[in-house]
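Mapped onto mature numbering (1 follows the signal peptide of the UniProt record, and there is no 0), the consecutive letters of the sequence shown carry residue numbers -27 to -1, 1 to 256.
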Amino acid sequence: MNAQQLQKSFCKVLITGALGMATGVQAMDWSDTFVGFRYGEHFTEPPVAKKIQKEIYQLSHASGYSHGQHFFNLDILKSDSNDPKKDSDSGAVEAYLVYRHQLYLSKVFDRSFAFGPVKEVAFSSGFELNYKNTDFSTRKRQLLLGPTLKFDVPGYLDLSLFYSREWNHCGLPSCQTENIQFDPYYVVHLAWGLPFEMLDIPLKFQGFASYKTEKGEDYFHQDTGEESLIRTALMADIGKLAFGQKNKLWVGPGYEYWRHKYGAVNKPGVNTYAPTLHVEWHF
């Protein structure tokens, strides 16, 4: 394939992806939406040296159509007083929004991309937004795109390599840069949802793991570090056991591991080791 053909193929992927995002909701093959709650007492935030208790309220939606799928998640995170909001002793509130779209290449090019344990290759794109009402006043804006390998397993197992650009904000007087555009960086992202049964109890092991490369200098002209995040949970279908309705109420323990949070290194609060409790109500 020469350069001109490659460019045409890439443009076709982008155009089909845009059309898919525009029409996918009207032609959904499947969908799953839930409201959730997570709780933990060992969260951290740089540069806070103390452990932080957080209540996390969640709205999540995933759906599939003929050419791909959508994923949307909004977390509202309420901290205790160890992570105070600006000009207050009460806990801060953060909103974090994630959107992803996958476009199946087999549908674009009308041929199979399956190989070995991989059933499909997708072109993925998306964004992340956040705002938090602390003195730092972070306002993250992140764009991502890249390929995704979709493995042939019960449930799902997706491995993505993203190229990412990120913009953010620092409201501290000590910040030498208020609004920053980080250097481009790469994200390796693994997401999974694996159902199984034990003693006739429906269970699922779910979560994601993300690795980000360095993204240049931060607000203080200090080099950022590589960043790793794992958030996972083992969930039981309590609704089926309690009132006979499958895939309604899920409850289970989880864990969050976060190293070099936001790319910060050698500061208090940049590493998290937090057991969590997860609840989901699907509808």
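C-beta: ideal position from N, C-alpha, C; glycine also.
CA-to-CA distance, residue j to residue i, given in whole angstroms
i	j	result
L214	L134	39 Å
S147	F193	8 Å
K234	H40	35 Å
Q31	S85	36 Å
V(-3)	Q149	Note on V(-3): pLDDT 46, under 50, position unreliable in the model; no value is reported.
T197	G189	6 Å
F181	P168	15 Å
V243	L172	40 Å
W223	I174	11 Å
L76	A95	5 Å
P57	Y158	31 Å
S201	A164	14 Å
Q115	L102	7 Å
D131	S97	11 Å
residue 260	I211	Missing from the structure shown is residue 260; the chain here goes from -27 to 256 and no further.
D60	F10	27 Å
N239	D83	50 Å
K27	T111	18 Å
P248	I25	12 Å
M(-7)	A87	Unreliable positioning characterises M(-7) in this predicted model, as indicated by a pLDDT of 49, which lies under 50. A coordinate reading is not provided.
E14	R232	17 Å
E187	V81	33 Å
C143	V66	16 Å
F155	T107	21 Å
A(-1)	G166	24 Å
Q195	P127	44 Å
N55	P120	40 Å
G225	I29	15 Å
Cβ neighbour criterion (16 or more within 10 Å) applied to residue i
i	result
W140	exposed
K23	exposed
E170	exposed
A237	buried
L50	buried
N152	exposed
G217	exposed
E253	buried
E18	buried
Q42	buried
Q179	buried
D191	buried
Beta-carbon proximity check, residue i vs residue j, cutoff 7 Å
i	j	result
G99	R138	no
A206	G227	yes
D125	K92	yes
residue 262	F45	Only positions -27 to 256 of the chain appear in the structure, and residue 262 is not among them; the question remains open.
F109	L70	no
A68	Y12	no
L118	Y136	yes
S220	H251	Note on identity: in this sequence residue 220 is Asn, with Ser being the wrong assignment. Cβ distance not < 7 Å, so N220 and H251 don't count as in contact.
Y184	V161	yes
P241	P90	no
G64	D48	no
I203	Y230	yes
S79	S36	no
D2	Y38	yes
Endpoints, the alpha helix (DSSP H) within which residue i is located
i	result
K113	Note, K113: premise wrong, no alpha helix (DSSP H); not H, not E.
A215	I211 to F216
Residue i - containing beta strand (DSSP E), residue span
i	result
P19	Taken as a continuous stretch (DSSP letters only), P19 belongs to no beta strand (DSSP E), as it is neither H nor E.
S36	I25 to Y38
residue 288	Residue 288 is absent from the structure shown; the chain starts at -27 and stops at 256.
K51	G41 to S52
V243	Element bounds for V243: n/a, residue is neither H nor E.
- Item | Segments of 3+ residues assigned as beta strand (DSSP E) that fall wholly inside the region 135 to 177 | 152 to 154 and 158 to 171
- Message: Please give the ranges of any beta strand (DSSP E) in the region 74 to 112, keeping only runs that are unbroken, at least 3 residues long and fully inside the region.
- Response: 91 to 105
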